[in-house]
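Letter 16 of the sequence shown, counting from 1, is numbered 24 in my numbering, and no numbers are missing.
Think of the CB as a built atom: it goes at the ideal place given N, C-alpha and C, for glycine as much as any other residue.
As the structure is a computational prediction, the values presented were derived from the model and not from experiment.
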Amino acid sequence: MTKTVLTINGMMCGHCVAAVKKALFKLGVTNADIDLETKKAVIEAEDNITKESMINAIEDLGYECE
Ligand SMILES: [Cu+2]
Numbered sequence: 009m010t011k012t013v014l015t016i017n018g019m020m021c022g023h024c025v026a027a028v029k030k031a032l033f034k035l036g037v038t039n040a041d042i043d044l045e046t047k048k049a050v051i052e053a054e055d056n057i058t059k060e061s062m063i064n065a066i067e068d069l070g071y072e073c074e
């Protein structure tokens, strides 16, 4: 299990947070905590789910991810 912290820009409200979470869980992550205020996402996932795949999934929704 690996913990990944990402900064996500462009989220405006709870719906954005929910959309990002949905995309992450679709990838198969174990847990995703996203704070709209700090733009920080703390994601727990098995090692076979790469950080790149998380970033791609989030950017596919139209958000910027670091
Ligand atoms: Cu929104």
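Would you mind stating whether residue i and residue j have Cβ atoms separated by less than 8 Å?
i, j, result
"VAL28", "GLU52", "no"
"LEU32", "MET9", "no"
Which residues in the same chain have their Cβ closer than 8 Å to the Cβ of residue i, if we skip the five residues on either side of it in sequence?
i, result
"THR15", "LYS47, LYS48, ALA49, CYS73 and GLU74"
"ALA40", "VAL28, LYS29, LEU32, PHE33, ALA49, VAL50, ILE51 and GLU52"
"GLY70", "GLY18"
"LEU35", "ALA53, ILE57, SER61, MET62 and ALA65"
Check for me: the beta strand (DSSP E) holding residue i runs from which residue to which?
i, result
"VAL13", "10-17"
"ILE51", "48-53"
Return the chain-ordered list of same chain residues with a C-beta closer than 6 Å to the C-beta of residue i, the five sequence neighbours on each side being excluded.
i, result
"MET20", "none"
I'd like the span of the alpha helix (DSSP H) that includes residue i, first residue to last.
i, result
"ILE42", "Unbroken run through ILE42 is the beta strand (DSSP E), 39-43; no alpha helix (DSSP H)."
"GLU67", "59-68"
"GLY22", "22-35"
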